[in-house]
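*Asks:* In this note's numbering, the protein residues as written are 2 to 278. The structure is given below, and queries will be raised subsequently.
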Amino acid sequence: SQVPSITLNNGLEMPQLGFGVWQVPDDEAAKAVAKAIESGYRSIDTAAIYKNEKGTGRAIAASGVPRDELFVTTKLWNSDQGYDSTMRAFDASLDKLGLDHVDLYLIHWPVPAKDAYTDTYRAFEKIYADGRAKAIGVSNFHPEHLKRLLDETSVVPVLNQIELHPQLQQAEARAFHAEHGIATEAWSPLGQGKGLLEVPTVVAIAQKHGRTPAQAVLRWHLQTGNIVIPKSVTPSRIEENLDVFGFELDADDLAAFAALDEGKRLGPDPAEFNLGA
Ligand code: NAD
Numbered sequence: 002s003q004v005p006s007i008t009l010n011n012g013l014e015m016p017q018l019g020f021g022v023w024q025v026p027d028d029e030a031a032k033a034v035a036k037a038i039e040s041g042y043r044s045i046d047t048a049a050i051y052k053n054e055k056g057t058g059r060a061i062a063a064s065g066v067p068r069d070e071l072f073v074t075t076k077l078w079n080s081d082q083g084y085d086s087t088m089r090a091f092d093a094s095l096d097k098l099g100l101d102h103v104d105l106y107l108i109h110w111p112v113p114a115k116d117a118y119t120d121t122y123r124a125f126e127k128i129y130a131d132g133r134a135k136a137i138g139v140s141n142f143h144p145e146h147l148k149r150l151l152d153e154t155s156v157v158p159v160l161n162q163i164e165l166h167p168q169l170q171q172a173e174a175r176a177f178h179a180e181h182g183i184a185t186e187a188w189s190p191l192g193q194g195k196g197l198l199e200v201p202t203v204v205a206i207a208q209k210h211g212r213t214p215a216q217a218v219l220r221w222h223l224q225t226g227n228i229v230i231p232k233s234v235t236p237s238r239i240e241e242n243l244d245v246f247g248f249e250l251d252a253d254d255l256a257a258f259a260a261l262d263e264g265k266r267l268g269p270d271p272a273e274f275n276l277g278a
């Protein structure tokens with residue numbers, strides 16, 4: 002497909018643009034993932050807590066696309082952190098997905114109050130060593146959490162999936178990641194479709210290129226080097242969000258995007274998010 006790949010720090014190739022399924026019920030996820038794969042997406046981002054690993058797995062099985070051409074990510078939920086519980090949770094995820102391996106397994110949140118992410122990550126290292134995940138990484142880790150992981154464990158996470166969009170550009174995290182060979186993956190890349198897509202600067206840049214605001218924002222991510230996983234259940238938008246390789250933002254556009262950063266979080270601050278602890 003036309004989607005470029007990012008080479009992760011262990012040599013694995015990951016499509017720079019994939020499909021996210023947060024807040025999509027299982028049956029609907031099966032339909033949306035089927036549509037996404039048919040449209041040309043090859044990377045799918047789910048999580049145990051999304052409760053749609055089964056539907057996602059059904060769509061993958063029915064797609065007819067060879068397994069080695071797909072990149073499947075799932076995540077360990079907070080309440081399953083700890084070495085043994087991670088092993089059990091990973092088995093359950095594989096079972097629901099109907100797969101013998103995932104491409105990427107992520108710790109969903111650090112959950113500082115639980116203080117179990119290093120033990121959890123040791124289980125991830127075992128899963129990785131056994132080839133049941135082609136790569137392992139984290140999500141929602143602040144640099145301080147990553148620092149501790151780098152100090153106390155062996156395998157450098159391939160990426161950190163964090164909230165990132167033009168209104169929350171995450172310069173500090175991105176710099177830390179780059180310094181350590183960790184890729185940056187953006188969740189809620191479209192700002193959850195609220196507000197961001199109506200910001201006049203974004204609308205104007207989109208109009209200038211004859212594209213939609215969502216396409217302009219995705220282009221910004223790609224040109225910034227982020228991995229993106231936009232979500233939609235609307236077939237036309239699933240296609241629209243993949244059709245972002247026929248134009249390029251120029252230096253003026255990128256400068257205008259840079260000015261939109263206002264540190265605006267839509268989700269919780271990972272330092273304080275202890276749900277499931
Ligand atoms: P998003 O930024 O991808 O926005 C999705 C919403 O934007 C849709 O529900 C729709 O309302 C709107 N939208 C989508 N395409 C559009 C288009 N072309 N035009 C206009 N509106 C459009 O938000 P998201 O779902 O929060 O994030 C994407 C993915 O990131 C999730 O599905 C999930 O896989 C992942 N995620 C991970 C975490 C985490 O903690 N690791 C948290 C949130 C999301």
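From the three backbone atoms N, C-alpha and C, an ideal C-beta is built for every residue, glycine too. Nothing here was measured: the structure is a model prediction, and the numbers come from that model.
#1: Assign A1 to one of three DSSP states: helix, strand, or coil.
#2: For K115, which residues of its own chain have a beta-carbon under 6 Å away from its beta-carbon, when the five flanking residues on both sides are left out?
#3: Quick test of your reading: W188 and Q171, contact by CB under 8 Å. State the CB separation rounded to the nearest angstrom.
#4: Q17 and V34 look like a contact to me (Cβ under 8 Å); what is the Cβ gap, rounded to whole Å?
#5: Return helix, strand or coil for K76, following the three-state DSSP convention.
#6: Using a threshold of 7 Å, state whether the C-beta atoms of H109 and S140 are closer than that.
#7: Have a look at A176, F246, L105 and E241 and flag the residue whose alpha-carbon is nearest the alpha-carbon of T74.
#8: CB D27 to CB N10, shorter than 7 Å?
#9: Quick check: the stretch 126 to 145 against the stretch 90 to 105, are at least 3 beta-carbon pairs closer than 8 Å?
#10: Counting along the chain, where does the beta strand (DSSP E) carrying D46 start and finish?
#11: Quick one: grab the DSSP three-state call for H146.
#12: If you count every other CB in all the chains shown that lies within 10 Å of the CB of R68, and 16 or more means buried, which is it?
*Replies:* Per the coordinate set shown:
#1: Outside the displayed range of the chain (2 to 278) lies residue 1, so it cannot be described from this structure.
#2: The beta carbon of K115 is closer than 6 Å to those of Q82 and A278 in its chain, skipping five residues each way along the sequence.
#3: Not confirmed; about 11 Å, so no contact.
#4: Between Q17 and V34, the beta carbon gap of about 19 Å keeps them out of contact (Cβ cut-off 8 Å).
#5: In the structure shown, K76 adopts extended strand secondary structure according to DSSP, grouped into three states.
#6: Cβ distance < 7 Å, so H109 and S140 count as in contact.
#7: Minimum Cα distance to T74 is reached at L105.
#8: No, the pair does not count as a contact, with Cβ atoms beyond the cut-off.
#9: The stretch 90 to 105 and the stretch 126 to 145 touch, with no fewer than 3 CB-CB distances between them shorter than 8 Å.
#10: Per DSSP, D46 belongs to the beta strand (DSSP E) from S44 to D46.
#11: The answer is helix: DSSP assigns H146 an H, G or I state.
#12: Counting Cβ neighbours within 10 Å, R68 comes out exposed, since fewer than 16 surround it.
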